[in-house]
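Peer 1:
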Amino acid sequence: MSYIRYVLLLLILGCTTSQAQLRLEVEAPSKVDINETYFHITYTIASASTHDFSKPPMTGLDVLAGPAMSVNTVSSTVMSGGRSVNRSSSSTTFTFTLAPLEKGTFTIPAASVKVDGKTYKSPPVTIQVTGNGNRQNAGNQQQASSQDTPLRTAGSRVTDKDLYIRAIVGREQVYEQEAVSLSYKFYERPGVGLNSVSLSKKPDFKGMVSLDIPLKNIDAAVERVGGEMYRTGVVQQYVVFPQQTGRITIPGLTFNCVVLQQEAGLSLIDAFFNGGGNIGYSLTRNVPETFIEVKPLPQPRPSGFSGGVGQFSVRGDLLTETPRTNDMVTYRLTVSGSGNLQLLTAPSITFPADFDVYSPKVTDNTKVLAGGVTGDIIFDYTFVPRNVGQYDIPAIDFIYFNPSDGTYQTKTVPSLHMNIEKGNRSDADLERERTLRSSDIRDIKTGTVRFDSEAAFIWWGTSGYWAVVAGILLFFILLVAVLRRHNRANADVVARRRSKAVRQAKRRLRLAGRMLKKGDQKAFYTELSRALNAYLSDKLSVEVAALNDDRLIYEMNQRGVSEEQFSPFRQLLEECGFARFAPAADGNGANELYRRALDEITRLDNLLKTVDK
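Quick note on numbering that gives the first Met the number 0: the sequence shown kicks off at 0 and runs consecutively.
1) Return helix, strand or coil for T601, following the three-state DSSP convention.
2) The beta strand (DSSP E) that contains V168, what's its start and end?
3) What residue range does the beta strand (DSSP E) around G279 cover?
4) To the nearest angstrom, how far is it from the Cα of V168 to the Cα of S337?
5) DSSP state of I675, grouped into three classes?
6) The beta strand (DSSP E) with V367 in it runs from where to where?
7) For the beta strand (DSSP E) containing E554, name the first residue and the last one.
8) Quick one: give me the first and last residue of the beta strand (DSSP E) that L317 is part of.
9) So for T461, helix, strand or coil by DSSP?
10) Rank I291, T118 and N194 by C-alpha distance to the C-alpha of T283 and give the top, closest one.
11) Distance check for T333 and E288, CA to CA, integer angstroms please.
12) Below 7 angstroms between beta carbons: does that hold for V367 and E177?
13) What do you reckon, are the CB atoms on A45 and V124 nearer than 7 angstroms?
14) With distance defined between alpha-carbon atoms, name the residue in T381, T411 and G154 nearest to I395.
15) Nearest-angstrom Cα distance between Q141 and D61?
16) State the CB to CB distance for the pair T58 and F93, rounded to an integer number of angstroms; the pair is presumed to be in contact (CB under 8 angstroms).
17) Please go through the same chain and pick out, in chain order, the residues whose beta-carbon is closer than 6 angstroms to the beta-carbon of N386, but skip the five residues on each side of it.
18) Are the segment 307–322 and the segment 407–423 touching by the rule of at least three beta carbon pairs closer than 8 angstroms?
19) Could you tell me which residues DSSP puts in a beta bridge with K120?
20) Provide the residue span of the alpha helix (DSSP H) that contains N418, from first to last.
21) Who does L97 pair with in a DSSP beta bridge?
22) When burial is assigned at 16 or more other CB atoms within 10 Å of the CB, is G315 buried or exposed?
23) What are the boundary residues of the alpha helix (DSSP H) that includes T508?
24) Less than 7 angstroms separating the beta-carbons of L162 and V191?
25) In angstroms, rounded to a whole number, what distance separates the CA positions of S144 and I217?
26) As a quick exercise: from L482, E292, V468 and A533, pick the residue whose alpha carbon is nearest that of A504.
27) Between which two residues does the beta strand (DSSP E) harbouring Y399 extend?
28) By the DSSP assignment, the beta strand (DSSP E) with Q260 in it spans what residues?
29) Identify the residues that DSSP records as bridge partners of D391: which are they?
30) Please report the residue range of the alpha helix (DSSP H) in which E175 lies.
31) If distances are taken between C-alpha atoms only, which option among T118, P108, N255 and V114 comes closest to I615?
32) If we ignore side chains and look at the alpha-carbon of each, how far apart do R170 and Q310 end up?
33) Going by C-alpha to C-alpha distance, which of F254, K102, L571 and T96 sits closest to L603?
34) Among the residues of its own chain, which have a CB less than 8 angstroms from the CB of L21, if the five just before and after it don't count?
35) Report the rounded CA-to-CA distance for P55 versus A110, giving the unit in angstroms.
36) Could you spell out the range, first to last residue, of the alpha helix (DSSP H) harbouring S335?
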């Protein structure tokens with residue numbers, strides 16, 4: 000009886016010890032420099048059946064990515080009592096990529112995860128951030144680390160939270176004719192691989208005058224949105240000027256996007272046609288309509304109001320140094336500042352009755368920026384004095400509305416006194432100059448004329464012309480045929496990986512064979528194991544990290560392959576894993592494993608094909 004109690008006590012202690020060994024471990028640096036690009040914190044537990052991982056708050060640190068979950072399974076074969084015993088162990092790792100925000104000492108509380116209904120917690124970890132740096136440097140480092148994030152696997156779904164575009168209005172309440180900035184900004188999670196963005200059609204801004212802001216390139220940055228990190232950038236920008244009051248709708252837009260995803264295991268030829276293994280996928284993103292409230296300008300409007308809304312200055316200059324009769328004289332009025340400059344009309348100036356006055360010429364020296372339109376609008380008034388004498392151009396009042404303080408303001412250009420002298424030009428000379436100025440056509444160019452021979456050209460209807468046309472048509476026909484064949488081949492990414500699984504596996508086996516001939520057994524077993532796992536990953540469309548015994552048996556059963564039929568392949572996998580860490584002294588065992596790998600891949604592939612039929 001005492002013997003039975005002793006055995007039961009040992010069993011209870013053994014179970015208690017087994018449970019105690021299951022812990023959520025954390026690995027993190029104790030000290031980091033604020034100028035570091037990024038660092039990692041990993042949480043690991045020795046089980047593959049995890050769920051409900053709870054991330055702790057990470058004060059003072061920016062979470063650039065994570066938690067990235069990976070399941071690792073290690074299989075080994077040991078000899079016990081003359082028999083080979085298969086052993087396997089699994090572990091789950093949660094990895095965070097972080098960047099320091101500020102200097103100081105920060106304690107990260109315990110993380111938790113559930114295994115078989117029981118909650119396991121990690122110990123807290125303390126990280127000290129030191130060095131000389133600031134938040135701006137950290138932001139630049141975040142951008143760099145975001146760009147290093149690997150692309151997603153080909154065929155991965157891109158949700159509306161992974162990639163979206165939103166409209167950002169500079170101000171939602173403005174005055175009539177006041178400049179409003181309108182930006183369209185993309186938000187992309189790490190790894191999405193946004194490659195290009197374009198408008199499906201130009202927007203129709205009803206009730207507004209719109210001006211495009213040219214963007215030479217996209218200045219991408221990294222921002223935190225709702226606790227997650229996004230790569231952001233402005234893809235389209237406008238400045239709009241409301242022409243009516245009340246609630247104005249900014250229409251919704253549709254953007255065409257192309258994202259890149261990575262396909263592993265491509266041959267050199269396939270990689271060449273797919274941009275080095277990157278495949279582009281087209282998708283659309285819709286931006287909903289938004290609204291702005293437009294207030295009317297204060298009433299009553301002053302007499303002589305120019306229609307200008309913004310902040311302006313005005314200056315008047317006489318460009319002709321000595322005005323004479325029958326000469327064309329130019330008086331320049333320059334309006335500078337920021338606002339609706341391009342919508343201004345030429346102010347009315349009362350010139351003396353003895354002057355022949357022509358329509359003013361308008362020169363636009365403005366720039367369209369995110370803050371509005373800035374620069375100069377130049378009005379050149381041309382007139383011709385007919386008589387000698389003393390004349391005055393009266394003072395000019397330029398009245399505009401300043402939205403910053405909500406008042407009408409006046410800028411006055413002083414009057415200009417002129418002494419008109421006697422000129423020598425006739426009416427015919429004057430008329431010729433006026434005609435040239437109005438047409439902006441230069442005099443005919445004189446000089447040596449160069450002629451080319453007729454033989455230097457390919458004339459329409461000649462044999463050379465038709466040969467060129469036929470060559471161009473043939474080139475485009477061949478190009479279309481090649482592209483169609485290539486598109487058909489790449490239409491189904493998963494099916495292509497399955498069809499090429501054996502070819503890729505044999506290519507990896509040839510590499511393992513070269514390692515064996517060199518006598519490098521460690522590299523041989525590594526490549527052999529990699530070839531077997533890669534074959535299963537391609538054939539079953541399952542990531543290598545998720546290939547454990549339970550998953551393999553499940554996938555095979557789904558395809559009609561029994562556990563007994565799959566057992567020789569699984570045994571080969573285990574032997575390769577064991578041989579990686581305990582290689583045989585001679586090469587006979589390695590040669591045998593190499594031969595069995597070729598046979599098993601061919602056997603299993605034929606078996607899967609037979610079941611599919």
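For glycine and all other residues, C-beta sits at the position ideal for the given N, C-alpha and C.
For clarity, every value in this text was computed on a predicted model and none was experimentally measured.
Peer 2: According to the data block:
1) Here residue 601 refers to the residue found at position 602 of the sequence shown. Of the three classes helix, strand and coil, the one that applies to T601 here is helix, per DSSP.
2) For the purposes of this step, residue 168 is identified with residue 169 of the sequence shown, where counting begins at 1. Element bounds for V168: L162 to V168.
3) Here residue 279 is taken as the residue at index 280 of the sequence shown, counted from 1. Note, G279: beta strand (DSSP E), N277 to V286.
4) Indexing the sequence shown from 1 puts residue 168 at position 169. Indexing the sequence shown from 1 puts residue 337 at position 338. The straight-line gap from Cα to Cα measures roughly 18 angstroms.
5) With the chain represented from 0 up to 612, any question about residue 675 goes unanswered, as that position is not in the structure.
6) As a first step, residue 367 is located in the sequence shown; it is residue number 368 there, counting from the start. For V367, the enclosing beta strand (DSSP E) stretches over residues K360 to L368.
7) The residue labelled residue 554 in the question sits at position 555 within the sequence shown. Element bounds for E554: not the beta strand (DSSP E) but the alpha helix (DSSP H), D548 to Q557.
8) Sequence index remark: in the sequence shown, residue 317 carries index 318 (1-based). Boundaries of the beta strand (DSSP E) harbouring L317: F304 to L317, taken from the DSSP string.
9) Here residue 461 refers to the residue found at position 462 when the sequence shown is read from its first residue. Coil at T461, not helix or strand.
10) Locating residue 283 in the sequence shown gives position 284, counting from the first residue. Residue N194 is the option with its Cα nearest to T283.
11) Sequence index remark: in the sequence shown, residue 288 carries index 289 (1-based). Sequence index remark: in the sequence shown, residue 333 carries index 334 (1-based). Here the C-alpha atom of E288 lies approximately 38 angstroms from the C-alpha atom of T333.
12) Counting from one through the sequence shown, the residue named residue 367 turns up at place 368. Counting from one through the sequence shown, the residue named residue 177 turns up at place 178. Cβ distance not < 7 angstroms, so V367 and E177 don't count as in contact.
13) The count along the sequence shown starts at 1 and reaches residue 45 at position 46. The count along the sequence shown starts at 1 and reaches residue 124 at position 125. The beta carbons of A45 and V124 sit no closer together than 7 angstroms.
14) Here residue 395 refers to the residue found at position 396 of the sequence shown. Taking only the C-alpha atoms, the option nearest I395 is T411.
15) To locate residue 141, count along the sequence shown from 1; it is residue 142. To locate residue 61, count along the sequence shown from 1; it is residue 62. Because Q141 carries a pLDDT of 40, less than 50, the predicted location of this residue cannot be relied on, and the following value inherits that uncertainty. The straight-line gap from Cα to Cα measures roughly 8 angstroms.
16) Along the sequence shown, one-based indexing puts residue 58 at 59. Along the sequence shown, one-based indexing puts residue 93 at 94. Taking the Cβ atoms as the reference, T58 lies roughly 19 angstroms from F93, outside the contact range of under 8 angstroms.
17) As a first step, residue 386 is located in the sequence shown; it is residue number 387 there, counting from the start. Excluding sequence neighbours, N386 sits near D353.
18) As far as the Cβ criterion goes, the segment 307–322 touches the segment 407–423, which means the pair count is three or higher.
19) Position 121 of the sequence shown, counting from 1, holds the residue named residue 120. Paired residue(s): S111.
20) The residue labelled residue 418 in the question sits at position 419 within the sequence shown. If you look at N418, you'll find it isn't in any alpha helix (DSSP H); it sits in the beta strand (DSSP E) that goes L415 to I419.
21) As a working mapping, residue 97 is identified with position 98 in the sequence shown. Paired residues: F38 and V62.
22) Numbered from its first residue, the sequence shown carries residue 315 at position 316. Buried is the call here.
23) Residue mapping note: residue 508 aligns to position 509 of the sequence shown, counting from 1. The residue you asked about is not Thr; residue 508 is Leu in the sequence shown. Note, L508: alpha helix (DSSP H), A500 to K516.
24) Numbered from 1 along the sequence shown, position 163 holds the residue referred to as residue 162. Numbered from 1 along the sequence shown, position 192 holds the residue referred to as residue 191. Contact: yes.
25) Residue mapping note: residue 144 aligns to position 145 of the sequence shown, counting from 1. Residue mapping note: residue 217 aligns to position 218 of the sequence shown, counting from 1. For S144, the pLDDT reaches just 41, beneath the cut-off of 50, and the residue's location in the model is therefore unreliable, although a value from the coordinates is still provided. Our two residues, S144 and I217, have alpha carbons roughly 18 angstroms apart in a direct line.
26) In the sequence shown, residue 504 corresponds to position 505, counting from 1. Residue A533 holds the alpha-carbon nearest to the alpha-carbon of A504 among L482, E292, V468 and A533.
27) Locating residue 399 in the sequence shown gives position 400, counting from the first residue. Annotation for Y399: the continuous beta strand (DSSP E) segment containing it runs I395 to N401.
28) For the purposes of this step, residue 260 is taken as residue 261 along the sequence shown, with counting starting at 1. Unbroken beta strand (DSSP E) run through Q260: L252 to Q261.
29) Stepping through the sequence shown from its first residue, residue 391 is reached at position 392. Its beta-bridge partners are H416.
30) Taking the first residue of the sequence shown as position 1, residue 175 is located at position 176. Per DSSP, E175 lies in no alpha helix (DSSP H) and is assigned neither H nor E.
31) Since the first residue shown for the chain is 0 and the last is 612, residue 615 is missing from the structure and cannot be characterised.
32) Walking along the sequence shown from the start, residue 170 turns up at place 171. Walking along the sequence shown from the start, residue 310 turns up at place 311. If you take the alpha carbons of R170 and Q310, they lie about 17 angstroms apart.
33) Your numbering for residue 603 matches position 604 in the sequence shown. Residue nearest to L603 within the set F254, K102, L571 and T96 is L571 (criterion: CA-CA distance).
34) On the sequence shown, position 22 is the one that residue 21 refers to. Leaving aside the five residues that flank L21 on each side, the residues in its chain whose CB is nearer than 8 angstroms to its CB run, in chain order, I44, A45, S46, V114 and Y119.
35) On the sequence shown, residue 55 is found 56 positions in, with the first residue counted as 1. On the sequence shown, residue 110 is found 111 positions in, with the first residue counted as 1. For P55 and A110, the gap between their C-alpha atoms comes out near 5 angstroms.
36) Here residue 335 refers to the residue found at position 336 of the sequence shown. It is not in any alpha helix (DSSP H) - S335 instead sits in the beta strand (DSSP E) that spans V328 to G338.
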